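Position in the sequence shown (from 1) plus 379 gives the number in this note's numbering. All C-beta atoms, glycine included, are put in the ideal place defined by N, C-alpha and C. Predicted model only: the values in this text are computed from it and were never measured. Contents: one structure, followed by commentary.
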Amino acid sequence: MALIRKSFKRLHYPVDVIAQCVRWYLAYSLSLRDLEEMMAERGIVVDHSTLHRWVIRLVPLLDKAFRRHKHLVGRRWRMDETYIKIKGQWKYLYRAIDSTGQTIDFLLTAKRHASAALRFFRKAIRHHGEPEVVTIDKSGANAAALAIHNADKPDEVMIAIRQSKYLNNLVEQDHRNIKRRVRPMLGFKSFRRAQTILAGIELIHMIRKGQYQYPADDGISPAEQFYLLVA
């Protein structure tokens, strides 16, 4: 697994053990101490702080590798934000999916206002190009961000904005897959680490949704796709 070998100067554990620990932590409702105990039952002594270091080191590299092989997304987007607790305070995870439920992008921000929404929107466009339509809820901040982006554009190339609580239910339901994994963590201790771990959770979620354009025959499991990405 070349990605792991490139990430660490010295390896004290087999690369398949490191890859499995990182995937299990991101994919399942496990604490680091749960994972430490599970590895101990297999005869592998690894401290929870080491497990955490593996996750923080590898996720940015996995995210970068995944984006190079991500399937194209649709041009009709649904955008919303959800709450994430960091150091006892609520922060905001902006997310967007297309009309078929494929994840477009995500961004963790400290505030929920037009400039934060605009940063998220520009990040999504940078990676995926401009959508034709964006559906949002009744949030004035999200509408203002899209209006800023549309400013000075000819009518024929403006992004259409739809505000509908009902039509945005799909992205709200998709939030649950992320929140389900985050909930057992009982909040994050730092903003930067939250960004990294959330990116890993989103990565696993996208692989499960079939968004990894892997260079292999069809029919391999999400777990096998993850290990292929690591390789």
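I need the DSSP call for residue i, collapsed to helix, strand or coil.
{"i": "Thr575", "result": "helix"}
{"i": "Ile397", "result": "helix"}
{"i": "Phe387", "result": "coil"}
{"i": "Met585", "result": "helix"}
{"i": "Asp413", "result": "helix"}
{"i": "Leu607", "result": "helix"}
{"i": "Arg541", "result": "strand"}
{"i": "Asp534", "result": "helix"}
{"i": "Tyr392", "result": "coil"}
{"i": "His593", "result": "First, the residue type needs correcting, since residue 593 is Tyr and not His in the sequence shown. Three-state DSSP puts Tyr593 in coil, outside helix and strand."}
The alpha helix (DSSP H) spanning residue i covers which residue range?
{"i": "Ala495", "result": "493–507"}
{"i": "Lys443", "result": "427–447"}
{"i": "Leu525", "result": "519–529"}
Output the distance between the C-alpha atoms of residue i and residue j, rounded to the nearest integer angstrom.
{"i": "Gly519", "j": "Ala493", "result": "8 Å"}
{"i": "Lys517", "j": "Ala503", "result": "20 Å"}
{"i": "Tyr591", "j": "Asp597", "result": "11 Å"}
{"i": "Arg374", "j": "Gly589", "result": "Nothing about residue 374 can be reported from this structure: the residues present for the chain run from 380 to 610 only."}
{"i": "Ala398", "j": "Val434", "result": "9 Å"}
{"i": "Val513", "j": "Tyr606", "result": "34 Å"}
{"i": "Cys400", "j": "Lys449", "result": "23 Å"}
{"i": "Val611", "j": "Tyr593", "result": "Not covered by the structure: residue 611. The range shown for the chain is 380 to 610."}
{"i": "Val396", "j": "Arg402", "result": "10 Å"}
{"i": "Ile527", "j": "Glu535", "result": "16 Å"}
{"i": "Thr411", "j": "His506", "result": "Thr is not the amino acid found at residue 411; the sequence shown has Leu there. Rounded to whole angstroms, Leu411 to His506 spans 32 Å at the Cα level."}
{"i": "Ile586", "j": "Trp469", "result": "27 Å"}
{"i": "His554", "j": "Gly453", "result": "19 Å"}
{"i": "Glu509", "j": "Gln552", "result": "24 Å"}
{"i": "Tyr473", "j": "Phe499", "result": "7 Å"}
{"i": "Arg501", "j": "Glu420", "result": "46 Å"}
{"i": "Ser543", "j": "Leu549", "result": "11 Å"}
{"i": "Lys558", "j": "Leu451", "result": "25 Å"}
{"i": "Ala573", "j": "Phe567", "result": "6 Å"}
{"i": "Pro393", "j": "Thr461", "result": "37 Å"}
Considering residue i, what are the terminal residues of the beta strand (DSSP E) in which it resides?
{"i": "Glu460", "result": "455–465"}
{"i": "Gln468", "result": "468–477"}
{"i": "Leu549", "result": "Taken as a continuous stretch (DSSP letters only), Leu549 belongs to no beta strand (DSSP E), being part of the alpha helix (DSSP H) at 548–561."}
{"i": "Asp484", "result": "482–488"}
{"i": "Ile515", "result": "512–515"}
Measuring CB atoms only, is the segment 462–477 touching the segment 592–606, in the sense that at least three cross pairs come out at less than 8 Å?
no
Meets three-Cβ-pair contact criterion under 8 Å: the segment 415–429 and the segment 438–447:
no
Count the CB pairs spanning the segment 473–490 and the segment 575–582 that are closer than 8 Å, and state whether there are at least three.
yes
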